[in-house]
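Encoded as structure tokens, the structure appears first; notes follow it.
2 protein chains.
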Amino acid sequence: MRPVTLCFSGLDPSGGAGLQADIESISALGGHAAVIATALTVQDSQRVYDFQLTAPEFMREQALRVLADLPVACIKLGMLGSAAAARTVFESLHAFRHLPVVLDPVLSANSGGNLAQQDLRDALLAALPLTTIITPNSVEARLLAGCDDLTEAVARLTEVGAENIWLKGGHEPGDQLINRLYCKGELMLRSSLPRLEGEFHGSGCTLAAALAAGLASGMPLLAAVEQSQHFVTAALTKADRPRNQGQWLPRRIHSVWNANS
Amino acid sequence: MRPVTLCFSGLDPSGGAGLQADIESISALGGHAAVIATALTVQDSQRVYDFQLTAPEFMREQALRVLADLPVACIKLGMLGSAAAARTVFESLHAFRHLPVVLDPVLSANSGGNLAQQDLRDALLAALPLTTIITPNSVEARLLAGCDDLTEAVARLTEVGAENIWLKGGHEPGDQLINRLYCKGELMLRSSLPRLEGEFHGSGCTLAAALAAGLASGMPLLAAVEQSQHFVTAALTKADRPRNQGQWLPRRIHSVWNANS
Numbered sequence: 001m002r003p004v005t006l007c008f009s010g011l012d013p014s015g016g017a018g019l020q021a022d023i024e025s026i027s028a029l030g031g032h033a034a035v036i037a038t039a040l041t042v043q044d045s046q047r048v049y050d051f052q053l054t055a056p057e058f059m060r061e062q063a064l065r066v067l068a069d070l071p072v073a074c075i076k077l078g079m080l081g082s083a084a085a086a087r088t089v090f091e092s093l094h095a096f097r098h099l100p101v102v103l104d105p106v107l108s109a110n111s112g113g114n115l116a117q118q119d120l121r122d123a124l125l126a127a128l129p130l131t132t133i134i135t136p137n138s139v140e141a142r143l144l145a146g147c148d149d150l151t152e153a154v155a156r157l158t159e160v161g162a163e164n165i166w167l168k169g170g171h172e173p174g175d176q177l178i179n180r181l182y183c184k185g186e187l188m189l190r191s192s193l194p195r196l197e198g199e200f201h202g203s204g205c206t207l208a209a210a211l212a213a214g215l216a217s218g219m220p221l222l223a224a225v226e227q228s229q230h231f232v233t234a235a236l237t238k239a240d241r242p243r244n245q246g247q248w249l250p251r252r253i254h255s256v257w258n259a260n261s
Numbered sequence: 262m263r264p265v266t267l268c269f270s271g272l273d274p275s276g277g278a279g280l281q282a283d284i285e286s287i288s289a290l291g292g293h294a295a296v297i298a299t300a301l302t303v304q305d306s307q308r309v310y311d312f313q314l315t316a317p318e319f320m321r322e323q324a325l326r327v328l329a330d331l332p333v334a335c336i337k338l339g340m341l342g343s344a345a346a347a348r349t350v351f352e353s354l355h356a357f358r359h360l361p362v363v364l365d366p367v368l369s370a371n372s373g374g375n376l377a378q379q380d381l382r383d384a385l386l387a388a389l390p391l392t393t394i395i396t397p398n399s400v401e402a403r404l405l406a407g408c409d410d411l412t413e414a415v416a417r418l419t420e421v422g423a424e425n426i427w428l429k430g431g432h433e434p435g436d437q438l439i440n441r442l443y444c445k446g447e448l449m450l451r452s453s454l455p456r457l458e459g460e461f462h463g464s465g466c467t468l469a470a471a472l473a474a475g476l477a478s479g480m481p482l483l484a485a486v487e488q489s490q491h492f493v494t495a496a497l498t499k500a501d502r503p504r505n506q507g508q509w510l511p512r513r514i515h516s517v518w519n520a521n522s
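Heads up: the sequence lines are chains A and B, in that order. All residue numbers for the first sequence refer to the working numbering, where the first residue is 1 and numbers rise by one. All residue numbers for the second sequence refer to the working numbering, where the first residue is 262 and numbers rise by one.
Pasting the structure below:
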């Protein structure tokens, strides 16, 4: 069967980000996504208005059924929403520690105040040794590590157990968008791309999901990282902007279906 | 932008049915899905173990934000889960009555006892005049119409407002699977296919979503119906069966992504 990636993500009803990014990216790359919604959100292409977190126990039930039934080959974690959810998810995966885990450490989309944010950060930090690779943007890397200097942040995250870090530079200034892959603290890849104009909805989810799809299919880490970079660039280059306002929605599926195929 | 279909469906974490069928089918056909989860379910490729319905008011909030932001061209309704949800969804769509509506009248997946089921049936019946086309299987057509004879059922559903009925024959006996399209009660299309072996998870969702994608792109009804039939046949023919047990999972995305494309 197609390589299965089990994903934990929020649901974005505008279809730019979250579990839809997972489903589209993973299926576009030949895999099958099994998706657990960590939250339902009220959002459009412009902003998040409201959200409801899924009860951690209900996510555990879903995860255990899927893991028992499908030949899951990779785990992809996006927005988890709360420290309790993060702890429950990582506990549920305990018997599946042989599987690669891609963690996109989403911190900012979750409100609930600084204390809840701090708890979630602590839960993610504690889980770093269980990850194969994490995909923070520079803002998340600084928040997770608790320091402003990015080189220092990478060193600290490596020290607490993040073996591989695919650090996204989209929030840093400059004409070029620079992503960096660190393995055991060493810079292994530096990818420099012309910055696209506009804001994109779900680019981070798309990148992490494409990376997970690559690992699920058995690709080596570096090849999966490079594929994810190419994939997200293609999806953003072909993005649509609804009614010429708000953020662009990535186009992850490029097939034109042929009724005679 | 890609033609947008707003979908209301349950979330199946095994990825065979529900909103994942919507997202994959619609994107495979060149559209964009905007998805509202009517329920989260605990299920695998074999059965449904548990579910949580989304509060109708929360669905309304999501729908209104998406409708205001995205150029929605079609509405696709799958599992709604309760009479209250069905009524709220149809009320939310009131200002968008010019849009085509595809209703897959899912009754059986929702437990909650006979009374709740009866209420949901009544709510769907009351909404039939608001639909462009409904896609019941023969079991659902009989339940909705309240009679055993299918010809009689079609006549009754037409009478209460279902102008177009794409009646699926997969639950009827015979080597051939026969689907029939009725327009204003007249048989307009009879599609006969060899029956595939095995049970498929999400074939009905896939058909209705593909139909909605066709209508969203401006296809005439008959062409969209025929495309949906071809699309679901292709998806089932290429389905995977996890670990050789349970139901087959349709394969709706056939593109092999090319990093150099």
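Every residue, glycine too, gets a C-beta built ideally from N, C-alpha and C. Note that the structure is a prediction, hence the values are computed from the model and not measured.
- Leu389/B and Ala347/B do not touch by the CB rule: their CB atoms are close to 11 Å apart, not below 8 Å.
- Rounded to whole angstroms, the gap between the alpha carbons of Val367/B and Ser399/B is 12 Å.
- The beta carbons of Ile284/B and Ile23/A sit closer together than 8 Å.
- At a cut-off of 4 residues, the continuous stretches assigned as alpha helix (DSSP H) that sit fully inside the stretch 274 to 334 of chain B are 279 to 289 and 317 to 330.
- Nearest C-alpha to Arg321/B among Ile297/B, Ser270/B and Thr302/B: Ile297/B.
- Inclusion of Pro361/B and Leu476/B in the CB contact set at 8 Å is warranted, their separation being smaller than that value.
- Within the same chain, and ignoring the five residues on either side of Pro503/B in sequence, the residues whose Cβ sits closer than 6 Å to its Cβ are Ser306.
- Between the stretch 5 to 25 of chain A and the stretch 236 to 253 of chain A there are three or more C-beta pairs closer than 8 Å, enough to call the two in contact.
- Just so you know, the alpha carbons of Arg417/B and Leu448/B end up roughly 14 Å apart.
- Assignment of beta-bridge partners to Asp240/A by DSSP yields Leu249/A.
- When the beta-carbon positions are compared, Ser353/B and Ala377/B stay at least 8 Å from each other.
- The C-beta separation of Ser288/B from Ala295/B comes to about 11 Å, leaving the pair out of contact by the 8 Å criterion.
- A direct Cα-Cα distance of roughly 17 Å separates Gly292/B from Asp12/A.
- Interface residue (Cβ-Cβ distance to chain B less than 8 Å): Ala209/A is not classified as such.
- At least 8 Å separates the CB of Gln508/B from every CB of chain A.
- For Lys337/B, the beta-bridge partners assigned by DSSP are Cys268/B and Val363/B.
- In the three-state reduction of the DSSP assignment, Pro129/A falls in the helix class, which pools H, G and I.
- For the stretch 268 to 287 of chain B, the residues whose beta carbon sits under 7 Å from a beta carbon of chain A are, in order, Leu272, Pro274, Ser275, Gly276, Gln281, Ile284 and Glu285.
- Within the model, the alpha-carbon separation for Phe351/B versus Leu120/A is close to 38 Å.
- Contact residues of the stretch 299 to 316 of chain B toward chain A are Leu301, Thr302, Val303, Gln304, Asp305, Ser306, Gln307, Tyr310, Asp311, Gln313, Thr315 and Ala316 (C-beta to C-beta distance below 9 Å).
- Around Pro317/B, the same chain offers Ala345, Ala346 and Thr349 as residues with beta carbons nearer than 7 Å, after the five sequence neighbours per side are excluded.
- At a cut-off of 8 Å between beta-carbon atoms, Phe96/A makes no contact with chain B.
- Residue environment: Ala406/B is assigned as buried (16 or more neighbouring CB atoms within 10 Å of its CB, all protein chains considered).
- Straight-line spacing of the CA atoms in Leu189/A and Asn164/A works out to 11 Å.
- Just so you know, the alpha carbons of Ser203/A and Ser228/A end up roughly 11 Å apart.
- If the five residues before and after Lys429/B are omitted, its C-beta is found closer than 6 Å to the C-beta atoms of Asn398 and Asn440, all from its own chain and listed in chain order.
- Residues of chain B with a Cβ closer than 7 Å to the Cβ of His171/A do not exist; the shortest Cβ-Cβ separation is about 24 Å.
- The continuous stretches of beta strand (DSSP E) do not include Arg195/A, and DSSP gives it neither H nor E.
- Per DSSP, reduced to three states, the secondary structure at Leu476/B is helical.
- Taking the beta carbon of Asp501/B as reference, the chain A residues within 8 Å of it are Met1, Arg2 and His32, listed in sequence order.
- Rounded to whole angstroms, Glu159/A and Gly185/A show a C-alpha spacing of 8 Å.
- Relative to Gly246/A, the option among Ala485/B, Thr266/B, Ala329/B and Gln437/B whose CA is nearest is Ala329/B.
- By the Cβ-count criterion, Gln379/B is exposed, with fewer than 16 other Cβ atoms from all chains shown falling within 10 Å of its own Cβ.
- Here Arg308/B is exposed. Its C-beta has fewer than 16 other C-beta atoms within 10 Å.
- Contact of Val35/A with chain B by beta-carbon distance below 8 Å involves Leu272, Pro274, Gly276 and Gln281.
- Within chain B, the residues Pro274, Ser275 and Asp305 have their CB atoms less than 8 Å from the CB of Val66/A, given in chain order.
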